[in-house]
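Trainee:
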Amino acid sequence: MSAEHHYMFEDAVEEEVRLREQSTVLDPLTEELLVRAGLGPGMKVLDLGTGTGAVAAIAAKLVGETGYVLGIDRDVESLTAARAALAGVPHVEFAEAVLPDLELDGAFDAVVGRTVIMHVPDPVAVLRSAALQLRPGGLLCMHEPDMAYMWTNEETPLWNRARTWILQAFDELGVHAKMGPELFTAYRAAGLPDPTMMMGAPVGGGGDSPAFGWSNTITAVVPLLERLGIASAEEIGIDTLTDRLNDEIDALDGMVMGPPMYGAWCRLPAH
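Take 468 as the starting number for the sequence shown in the numbering used here and just add one per residue.
Spelled out as structure tokens, the structure:
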């Protein structure tokens, strides 16, 4: 991401935990997207904003040992974690790089990314830059959320506060909270072919509630929330937040939905 990116997760240790737990919820959706988009054996793939390497791992599985995956990120500590996690996968490499100022060889078969361009000031510029890394006929596939949806089917005081905390922080930082639904427009603005779209979300109630995902997200941004004057650690009550969120929604026999993840993919013209 560029130096002016709006990434809101500041603590490296908390962020590594958050990303790994996020991956348990989102990885099945991302793998389905990449399969439908056409990622397959032997392809050379660039993973934008790779973080701890979850999407790079999915791509590596799909392209197999005859393929190659390069994951890039601006955060050195995340890259260290990614290298450790995928140390036994020889056809994956990681490198420090910033968006949109990529200077690679332009010979990738696919460029992919998850929850990346929502955090940059100019998502369209990043899409244009990503397209320059592709060979003719190459695949550009993004997976981005809609964070402004209603998180539960029944409103409760705590769920409403939690949602407000996150969306207010997004607004303060200029994060694109509705990047998922905006992908089609962004692809067109970048001069790309109209993308094919799909959408999916983790959802469940009772013992299958994904409330822990929201607790982890809020935990990771407590310093930011305090600095912006949105909420204090005492007010949030991190140690019991998951249980309180689950108790409130379960009392109404309600369910929790994780962020709707919008997938968009297109292929560049072959010539």
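Cβ coordinates follow ideal geometry from the N, Cα and C atoms, glycine included.
Computed from a predicted model, the values in this text were never measured in an experiment.
Ignoring anything shorter than 3 residues or poking outside the stretch 580-626, list the beta strand (DSSP E) runs there in chain order.
Mentor: 601-612
Trainee: Which residue's Cα is closest to the Cα of LYS528: PRO648, LEU515, VAL559, ASP706?
Mentor: Counting from one through the sequence shown, the residue named residue 528 turns up at place 61. Selected option, being the one with the closest Cα: VAL559.
Trainee: Do VAL593 and LEU571 have their CB atoms nearer than 9 Å?
Mentor: By 1-based counting over the sequence shown, the position of residue 593 is 126. By 1-based counting over the sequence shown, the position of residue 571 is 104. No, the pair does not count as a contact, with Cβ atoms beyond the cut-off.
Trainee: Please determine if the stretch 537-544 and the stretch 600-613 are in contact, where contact requires at least 3 C-beta pairs separated by less than 8 Å.
Mentor: no
Trainee: For the 8 Å Cβ check, are there 3 or more pairs between the stretch 492-511 and the stretch 575-585?
Mentor: yes
Trainee: Rounding to the nearest angstrom, what Cα-Cα distance links VAL502 and CYS608 in this structure?
Mentor: Here the question's residue 502 lines up with position 35 in the sequence shown. Here the question's residue 608 lines up with position 141 in the sequence shown. Those two C-alpha atoms are separated by around 11 Å.
Trainee: Go ahead and label GLU715 buried or exposed: buried means 16 or more other beta carbons lie within 10 angstroms of its beta carbon, across all protein chains shown.
Mentor: Residue 715 sits at position 248 when you count from the first residue of the sequence shown. Per the 10 Å Cβ criterion, buried.
Trainee: Would you report the Cα separation of ALA678 and VAL723, rounded to the nearest angstrom?
Mentor: As a position in the sequence shown, residue 678 is number 211, starting the count at 1. As a position in the sequence shown, residue 723 is number 256, starting the count at 1. Between ALA678 and VAL723, the C-alpha separation is close to 7 Å.
Trainee: Going by beta carbon distance, what residues of the same chain come within less than 7 Å of ARG550, once the five residues before and after it are set aside?
Mentor: The residue you call residue 550 lines up with position 83 of the sequence shown. The residues are PHE561.
Trainee: What are the boundary residues of the alpha helix (DSSP H) that LYS528 is part of?
Mentor: One-based indexing of the sequence shown puts residue 528 at position 61. Looking at the DSSP string, the run of the alpha helix (DSSP H) that includes LYS528 is 521-530.
Trainee: Where does ASP514 fall in DSSP's three states?
Mentor: Locating residue 514 in the sequence shown gives position 47, counting from the first residue. Three-state DSSP puts ASP514 in a strand.
Trainee: In chain order, what residues of the same chain lie with their CB nearer than 7 Å to the CB of TYR682, ignoring the 5 residues before and after it?
Mentor: As a first step, residue 682 must be located in the sequence shown, where it is residue number 215. In the sequence as presented, Tyr is not what sits at residue 682; that position holds Ser. Counting only Cβ-Cβ distances below 7 Å, and skipping sequence neighbours, we find LEU708, THR709, LEU712.
Trainee: Quick one: what does DSSP say GLU563 is sitting in, helix, strand or coil?
Mentor: Within the sequence shown, numbered from 1, the residue matching residue 563 stands at position 96. GLU563: strand per DSSP, three-state reduction.
Trainee: Please state whether DSSP places THR684 in a helix, a strand or coil.
Mentor: In the sequence shown, residue 684 corresponds to position 217, counting from 1. Three-state DSSP puts THR684 in a helix.
Trainee: Can you tell me whether SER699 is buried or exposed? The criterion is at least 16 other CB atoms within 10 Å of its CB, across all chains shown.
Mentor: As a working mapping, residue 699 is identified with position 232 in the sequence shown. Exposed, by the Cβ-count rule.
Trainee: According to the neighbour-count rule (16 or more other Cβ atoms, all chains shown, within 10 Å of its Cβ), is ALA470 buried or exposed?
Mentor: What you label residue 470 is simply residue 3 of the sequence shown in a count that begins at 1. With a pLDDT of only 35 at ALA470, under the threshold of 50, the placement of this residue in the model should not be trusted; the figure read from the coordinates follows. ALA470 should be labelled exposed.
Trainee: Give me the residue from VAL579, TYR654, HIS586, GLY647 with the minimum Cα distance to GLY520.
Mentor: Against the sequence shown, residue 520 aligns to sequence position 53. The option with the nearest alpha carbon to GLY520 is VAL579.
Trainee: Is THR652 buried or exposed, if buried means 16 or more other CB atoms sit within 10 Å of its CB?
Mentor: The residue given as residue 652 occupies position 185 in the sequence shown. Looking at its Cβ environment, which holds fewer than 16 other Cβ atoms inside 10 Å, THR652 is exposed.
Trainee: Which value, in whole angstroms, describes the spacing of the CA atoms of ALA644 and VAL587?
Mentor: Along the sequence shown, read from residue 1 onward, the residue named residue 644 stands at position 177. Along the sequence shown, read from residue 1 onward, the residue named residue 587 stands at position 120. Roughly 11 Å between the two C-alpha positions.
Trainee: Have a look at the DSSP bridge pairing and note the partners of PHE751.
Mentor: Any question about residue 751 goes unanswered here, given that the chain covers just 468 to 738.
Trainee: Which term fits ILE590, buried or exposed, when burial requires 16 or more other beta carbons within 10 angstroms of its beta carbon?
Mentor: Start at 1 with the first residue of the sequence shown, and residue 590 comes out as number 123. The sequence as given places Pro at residue 590; Ile does not occur at that position. Answer is buried; the Cβ neighbour count reaches 16.
Trainee: Could you please give the first and the last residue of the uninterrupted alpha helix (DSSP H) stretch that includes ASP706?
Mentor: The residue you call residue 706 lines up with position 239 of the sequence shown. First-last of the alpha helix (DSSP H) with ASP706: 705-718.
Trainee: Would you kindly report the start and end of the unbroken alpha helix (DSSP H) that includes VAL556?
Mentor: Indexing the sequence shown from 1 puts residue 556 at position 89. Membership of VAL556 in any alpha helix (DSSP H) is not indicated, and neither H nor E is assigned to it by DSSP.
Trainee: Considering ARG734, what are the terminal residues of the beta strand (DSSP E) in which it resides?
Mentor: Position 267 of the sequence shown holds residue 734. Taken as a continuous stretch (DSSP letters only), the beta strand (DSSP E) holding ARG734 covers 728-734.
Trainee: THR652 lies in the alpha helix (DSSP H); which residues open and close that run?
Mentor: As a first step, residue 652 is located in the sequence shown; it is residue number 185 there, counting from the start. THR652 -> alpha helix (DSSP H) spans 650-656.
Trainee: At what residues does the alpha helix (DSSP H) containing LEU691 begin and finish?
Mentor: Indexing the sequence shown from 1 puts residue 691 at position 224. Element bounds for LEU691: 689-694.
Trainee: I need the straight-line Cα distance from THR619 to ALA731, nearest angstrom please.
Mentor: Start at 1 with the first residue of the sequence shown, and residue 619 comes out as number 152. Start at 1 with the first residue of the sequence shown, and residue 731 comes out as number 264. Going from the Cα of THR619 to the Cα of ALA731 covers about 25 Å.
Trainee: Helix, strand or coil: how does DSSP classify SER490 here?
Mentor: The residue labelled residue 490 in the question sits at position 23 within the sequence shown. Three-state result, SER490: helix.
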